[in-house]
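The structure appears right after this line, and notes come after that.
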């Protein structure tokens, strides 16, 4: 992929030249430079990244009743995280007894 030095648009190949469709600027192609460009053919998809469990390894607990129907625990591990795109925080809980996870809304 090459970008136009004149206008910054993406250039396209036309024979032995790179051509800009926006401003019609043309530049000669350099086979050595093009050989070092990465292509999707050489890339691999490792799948979605692992999402970290915010409550994993947390040692702080607080009195918070577990909302699971079959659990009577009133203690939970918690972690405070910022909400994406906002200044508010969200508290994530994990029950110390059954491991049920929930968040404070």
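In the UniProt record's numbering, the protein residues as written are 1 to 105. For each residue, glycine too, the CB sits at the ideal point set by N, CA and C. Model, not experiment: these values are computed from the prediction.
The residue from 8, 13, 62 with its alpha-carbon nearest to that of residue 93 is 62.
Beta-bridge pairing by DSSP links residue 10 to 3.
Residue range 31–35 is occupied by the alpha helix (DSSP H) that includes residue 34. In this structure, residue 20 lies near residue 6, with their beta-carbon atoms less than 8 Å apart. Burial check for residue 98: the Cβ neighbour count within 10 Å stays below 16, so the residue is exposed.
Within the DSSP bridge table, the entry for residue 79 names 92 as partners. Within its own chain, the residues whose Cβ lies closer than 6 Å to the Cβ of residue 104, once the five positions on either side in sequence are excluded, are 91, listed in chain order.
In the three-state reduction of the DSSP assignment, residue 59 falls in the coil class, being assigned neither a helical nor a strand state. Classified as exposed, residue 10 has fewer than 16 neighbouring CB atoms from the shown chains inside 10 Å of its CB. Between the alpha carbons of residue 75 and residue 8 lies a distance of about 58 Å.
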